[in-house]
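Below is one structure, written out as structure tokens; the observations come after it.
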Amino acid sequence: MVTRIGDTDIIFGDSRQPKALPLSHPKARWGEFGRETKILPKGYVRRKGCLPLPCDILFDRDIPIKLRDGTTVYIDIYRPPGDVQKCPALLAWSPYGKQGGRGNQVLDDFPFRMGVPLRKLSELQKWEAPDPGYWVQYGYAVANVDPRGVGKSEGDIYQFGSQEGRDGADVVDWIGKQPWCSGKVSLSGNSYLSISQWYIAAENPKHLAAIAPWEGFSDLYREGIALGGVLNEPALNFNLQILQVNAGENSWENTAQMAMDYKYYGAYHDDKRAKVENIDVPAYVVASWSNPIHTFGTFCAYTKLKSPKWLRVHDTWEWPDYYDEENRSDLHRFFDHYLKGIDNGWENTPRIRAKILDTANPLPKTGVDRTFTSFPPPEAVPFKLFLDSSDSSLSPAYPKTCQGKYTANKGGIHFSYTFPKTAVLCGVIDMSLAISLDGASDTDVFITFEKVTKTGAVGKQLKIPYEKSYQSYLIRAVNYSGLAPDTDVLFYRGPVGQMRLSRRMLEKEHAVPGFKASDMKQYNPVQGDEIVNLQPPLTPIGMEFSAGEALRVHISGTNTSVFPPIDQATLTVQGLEDLNKDGVVTIHCGSNCVGDSYITLPILSGD
């Protein structure tokens, strides 16, 4: 077990919760434990209303696996009965509990099951994982593991990093050697199960034949909970919400507190950056424009990949997209090609398939598919707009010198550009701000882009597949004059970004082409009335604007991102600074000493 990386001691647990959630806790939803092998017959219904099994499934429970350091972890396997035809396996790696339909996260915990009706699943799937009720009928095994420290597995719970990568590689190669396995294994799953794939695949296990990361960053700090150097409470507490409900018998790595205790990031935090560039297997990568946790990092990870790769960018939440029939069929073709060697033409699939959004139409799905050879799209033409605070505009014309101000703790400022003709934006927006701070030496800056329709309404795109039973609630949410508690969970408005002034220096050592990130090894508070240049990381955009519609960018000291509504964290990180209590932020437009304040939009040529 690793307790120290470089010169940094790893923090385990919290004074209020030193150990993982007890297995006896109701939230753990822990079931039976012990070796068992049985056949689940065709037609078996795990729960009323769920998908009946389309075939017989052999269920092998609580198989022990010895990792390279002697630690024992446990795995459940669903596979076709008999050993006549060896099959490839899909491994789901996460700490949420391996028992199908149980665990500390289930779709029933979310509004509308986040758009995944019960009828679509067999309820044998673990949280965010492949459904055996779909895959086994096509000759695939599904393997659900409780990683180190989870459930009855030995050791402490780790979150990402090289320890989890090595453990996952050991399990991949154990599966590949089983007599029923063809020797080919892929990883699959969304969110945590996507993130873990980057770390495991970077270890290059012998039997890994492919990966399918479905929305997941590859750097916990630079792309995740400290994006733009902002150690903000919503992101940190979301991470704690995940950590505090992981169930087991020992302790847990407190990655949220580790973000706070070290002003200058070192070997420990670098260990949480997956070495994506080392991955050598084909990858089916899925991203969305709208995920407040994963969008930025998924695009970064795809860009870093050097192996054969495909990217599909969708227009909903990760859960309904993962279990959508059309998407599963698409993934099925990828797996058939690389895990079964079937010549099905997969390699002719466009490398980038992206859904372009029209947020002026919130209820129906109105996205249009585009294909590209790479991302950002090489055919995108840069269109530079300067910030002009004299009239709150974004203008192609260079403005006269002027200033826009807002109070850091509650204020904001916005700038708008109205499109004279239809334009399709796809790629990464480049932003540069000349900024100063009066009354403080540091603050967080948050950026939101949104469409303003011809009627003056803010555009919103529904993020869950529309069903008639949702209609009355959704209409109320769309028409609500303010932000309903879960409006941003259900709807997407546009790209977002954030950066802390003291972390404005950009990452060079691990820079990703086309994407900006804070150099977390540097710390430079603003000195007096100093004007500094801020180039915040922004999530990519894929959005269409009609003539007369406007793009509005809002700059403020308030984080407007709303995270998925799982249980509220009862733990908090210690030492979190509220940087926005005092200070007036000034955006300098026109001529100044550090460069212009502008945005550059990626507009597809030919539109």
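Going by full-length UniProt numbering, the sequence shown opens with residue 1, and the numbers climb by one from there. C-beta: ideal position from N, C-alpha, C; glycine also.
Exercise. Could you spell out the range, first to last residue, of the alpha helix (DSSP H) harbouring E379?
Key: E379 -> no alpha helix (DSSP H), and no H or E assigned at all.
Quiz item: By Cβ distance, which residues of its chain are closer than 6 angstroms to R222, with the 5 residues on each side in sequence left out?
Solution: These residues qualify, in order along the chain: A517.
Quiz item: Should K306 be labelled buried (16 or more other beta-carbon atoms within 10 Å of its own) or exposed?
Solution: Answer is exposed; the Cβ neighbour count stays below 16.
Practice problem: May I ask which residues mark the beginning and end of the alpha helix (DSSP H) holding E164? | Solution: 161-176
Quiz item: What number of angstroms, rounded off, separates the C-alpha of G34 from the C-alpha of D315?
Solution: 42 angstroms
Self-check item: Beta bridge counterpart(s) of S436 as assigned by DSSP
Solution: Beta-bridge pairing links S436 to T586.
Quiz item: Taking the C-alpha atoms as reference points, what is the distance between D321 and D582?
Solution: CA-CA distance, D321 to D582, rounds to 42 angstroms.
Quiz prompt | Sequence-distant residues of the same chain with beta carbon closer than 7 angstroms to K86, five excluded per side | solution = W180, C181, S182
Quiz item: CB-CB under 6 angstroms to K184, same chain, minus the five flanking residues each way: which ones, in chain order?
Solution: Scanning its chain for C-beta atoms nearer than 6 angstroms, with the 5 sequence neighbours on each side dropped, one finds around K184 the residues P88, A209, L339, in chain order.
Practice problem: For Y74, count neighbouring Cβ atoms within 10 angstroms of its own Cβ and tell me buried if that reaches 16, exposed if not. | Solution: buried
Practice problem: Use the C-beta contact count for I599: other C-beta atoms within 10 angstroms, 16 or more gives buried, fewer gives exposed. | Solution: buried
Exercise. Enumerate, from N- to C-terminal direction, the unbroken beta strand (DSSP E) stretches of 3 or more residues contained entirely within the segment 204-249.
Key: 208-214
Practice problem: Using three-state DSSP, classify P179 as helix, strand or coil. | Solution: coil
Quiz item: In whole angstroms, what separates the C-alpha of K19 from that of L243?
Solution: 11 angstroms
Self-check item: R333, enclosing alpha helix (DSSP H) - first and last residue
Solution: 325-339
Quiz item: Would A283 pass as a contact of I211 if the rule is Cβ separation under 7 angstroms?
Solution: yes
Quiz item: Within 10 angstroms of its Cβ, does K304 collect 16 or more other Cβ (buried), or is it exposed?
Solution: Burial call: buried.
Quiz item: Relative to the alpha-carbon of P41, which residue among F334, F59, G149 has its alpha-carbon at the smallest distance?
Solution: F59
Self-check item: Buried versus exposed call for residue 613 [16 or more other C-beta atoms within 10 Å across all chains shown]
Solution: The structure shown has nothing for residue 613, since the chain only spans 1 to 607.
Practice problem: Using the Cα positions of V285 and I200, report the straight-line distance between them to the nearest angstrom. | Solution: 15 angstroms
Practice problem: Tell whether a beta-carbon distance below 7 angstroms holds between K421 and T359. | Solution: no
Quiz item: Roughly how many angstroms lie between the CA atoms of Y417 and L387, to the nearest whole one?
Solution: 10 angstroms
Quiz item: When the distance is taken between beta carbons, is H588 closer than 7 angstroms to Q403?
Solution: yes
Self-check item: Three-state secondary structure assigned by DSSP to D60
Solution: strand
Quiz prompt | Alpha-carbon spacing of G482 relative to I447, whole angstroms | solution = Its pLDDT being 44, under 50, G482 is placed unreliably in this model, and the coordinates cannot settle the point.
Self-check item: Among P396, N250, E318, D56, the one whose alpha carbon lies nearest that of A141
Solution: D56
Quiz item: V145 and K206: beta carbons closer than 7 angstroms?
Solution: no
Quiz prompt | Three-state secondary structure assigned by DSSP to Y598 | solution = strand
Quiz item: What's the C-alpha gap between S393 and F415?
Solution: Using only the alpha carbons, I get a separation of about 5 angstroms.
Quiz item: Just to confirm, are S290 and K460 a CB contact at a threshold of 7 angstroms?
Solution: no
Quiz prompt | Separation of V172 from T539, as counted between CA atoms | solution = T539 and V172: Cα-Cα distance of roughly 33 angstroms.
Exercise. Could you have a look at C300 and say whether DSSP puts it in helix, strand or coil?
Key: helix
Quiz item: With distances taken between CB atoms, is the gap from Q535 to S432 smaller than 7 angstroms?
Solution: yes
Practice problem: Tell me, please, whether the segment 501-508 touches the segment 147-155 by the rule of three or more beta-carbon pairs shorter than 8 angstroms. | Solution: no
Self-check item: Rounded straight-line distance, which links the Cα of G456 to that of Q197
Solution: Near 43 angstroms, if we compare the C-alpha coordinates of G456 and Q197.
Quiz prompt | CB of E123 within 7 angstroms of CB of G103, strictly | solution = no
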